[in-house]
Amino acid sequence: MNSNPQWNGQFSCFDLVAKNGVFSTSVVTIGDVEIGGGQFVVMAGPCAVESERQLLETAEAVAAAGARILRGGAYKGRSSPYSFQGLGVEGLKLLRKAREHTGLAIITEIMSETDVGVVAEYADIMQVGTRSMENYALLEALGRCERPVLLKRGLTSTLAELMRSAQVIAMNGNPNIILCERGIRTFETATRNTLDIAAVPVLKTVSRLPVIVDPSHAAGVRCLVPILARAAAAVEADGLLVEVHRSPEQALSDGNQSLNFPEFRDMMEDLQPYLAIHQKARQPRPVLLRAGGAD
Ligand code: PEP
Ligand code: MN
8 MNSNPQWNGQ FSCFDLVAKN GVFSTSVVTI GDVEIGGGQF VVMAGPCAVE
58 SERQLLETAE AVAAAGARIL RGGAYKGRSS PYSFQGLGVE GLKLLRKARE
108 HTGLAIITEI MSETDVGVVA EYADIMQVGT RSMENYALLE ALGRCERPVL
158 LKRGLTSTLA ELMRSAQVIA MNGNPNIILC ERGIRTFETA TRNTLDIAAV
208 PVLKTVSRLP VIVDPSHAAG VRCLVPILAR AAAAVEADGL LVEVHRSPEQ
258 ALSDGNQSLN FPEFRDMMED LQPYLAIHQK ARQPRPVLLR AGGAD
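Sequential numbering from 8 applies to the sequence shown in the working numbering.
Right, here's the structure in full:
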């Protein structure tokens, strides 16, 4: 049996999100899209909603290439106070328009517990950014809201801390949580963050929640994004969150790591063989030593 005895002790205390004998996997359903149910679900769109034209064109392009969910930040959590902070409610309205136009579900970031009501009116999935992973007031409010939550791993957070934050959301009543590995801060500076690819199989072993990868914020540069996306498919992530812009050079945020439309189309096509390899894998998957854990 391939396993690590420590995993039981570290993770099983988060009983509402950990894998155990009764609950092995949870599927988050948004309309006809199932995340964690065996489909590889791609969420794509601009880092920030900038204008109606930008968003609608992007929505059409990513839908045509096979994305199922449109991403776009209306409230932007930026490291610099001088960077573009997003269009706010205007951005949410444009996201709704894009959904009406294309049928794509919407994921957008929520930064403050005071905005949960308004964002939930427009969004299908509430995105918790890396800087908010331990904002417990926000997590508790999201626990009480009816929308699924995408919880990004904090820049310097361990997997146990990510699971702890997921537990806070679940304890407050919301079991519809998706985990997202988006790169962590290490001593390496050649990439914006370090994609912890092992986080995917570990989380999928110890947690019952779906796990997706954000290769854009991990890489910081566009040329690495399709390669990291393939890695995510190869380790059996449940999907991707990818930044796409009609002209990345003009993007108001994260242009360096955004794919243009043809690059996104190529990435989606090139992913197909990587999605097909799981049936052929002979190595056993990691499993928990004892269902229920050691604590
Ligand atoms: C984003 O998705 O645009 C974003 C701000 O991501 P993160 O919270 O991972 O930095
Ligand atoms: Mn971004």
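Virtual Cβ for every residue (Gly too), placed ideally from N, Cα, C. Remember, it's a predicted structure, so these values are computed and weren't measured experimentally.
Nearest-angstrom Cβ-Cβ length linking residue i and residue j, presumed shorter than 8 Å
i, j, result
"Ala-81", "Thr-115", "5 Å"
"Leu-63", "Ala-105", "6 Å"
"Glu-147", "Asn-179", "5 Å"
"Leu-77", "Gly-52", "5 Å"
"Ala-240", "Leu-282", "5 Å"
"Gly-79", "Ala-55", "7 Å"
"Val-135", "Leu-157", "7 Å"
"Ser-223", "Asp-277", "The Cβ separation is near 16 Å, so there is no contact."
"Thr-137", "Leu-162", "5 Å"
"Ile-42", "Asp-245", "6 Å"
Coil, strand or helix - residue i by DSSP
i, result
"Lys-159", "strand"
"Gly-300", "The predicted model places Gly-300 with a pLDDT of 47, which falls under 50 and marks its position as unreliable; any figure quoted below should be read in that light. Gly-300: coil per DSSP, three-state reduction."
"Leu-101", "helix"
"Glu-168", "helix"
"Thr-196", "coil"
"Cys-187", "strand"
"Met-118", "coil"
"Val-69", "helix"
"Met-140", "coil"
"Lys-26", "coil"
Residue from the options with nearest C-alpha to residue i
i, options, result
"Leu-102", "Gln-92, Ile-113 and Gly-262", "Ile-113"
"Gly-124", "Arg-154, Pro-280, Val-69 and Gly-44", "Arg-154"
"Met-50", "Val-249, Arg-253 and Arg-272", "Val-249"
"Val-209", "His-108, Glu-243, Asn-200 and Phe-271", "Glu-243"
"Leu-247", "Arg-253, Met-118 and Leu-235", "Leu-235"
"Cys-187", "Pro-12, Thr-163, Ser-87 and Val-220", "Val-220"
"Arg-311", "Ser-254, Gln-279 and Asp-203", "The structure shown does not extend to residue 311, since the chain is modelled only from 8 through 302, so no value can be given for it."
Opening and closing residue of the alpha helix (DSSP H) in which residue i lies
i, result
"Arg-78", "Note, Arg-78: premise wrong, no alpha helix (DSSP H); beta strand (DSSP E) at 76 to 78."
"Glu-276", "268 to 283"
"Thr-212", "206 to 213"
"Val-35", "First-last for Val-35: 35 to 37, but that is the beta strand (DSSP E), not the alpha helix (DSSP H)."
"Gln-134", "Careful: Gln-134 lies outside any alpha helix (DSSP H), inside the beta strand (DSSP E) at 132 to 135."
Run of the beta strand (DSSP E) containing residue i, from where it starts to where it stops
i, result
"Gly-52", "48 to 52"
"Gly-246", "246 to 250"
"Val-220", "218 to 220"
"Val-40", "40 to 42"
Check: residue i C-beta below 7 Å from any heavy atom of the ligand GTP
i, result
"Gly-84", "For the ligand GTP, the structure offers nothing, since it holds only the ligand PEP and the ligand MN."
- Message: When you compare the region 189 to 206 with the region 11 to 20, are there three or more beta-carbon pairs, one atom per stretch, that lie closer than 8 Å?
- Response: no
- Item | the region 200 to 219 touching the region 20 to 29, judged by at least three CB pairs closer than 8 Å | yes
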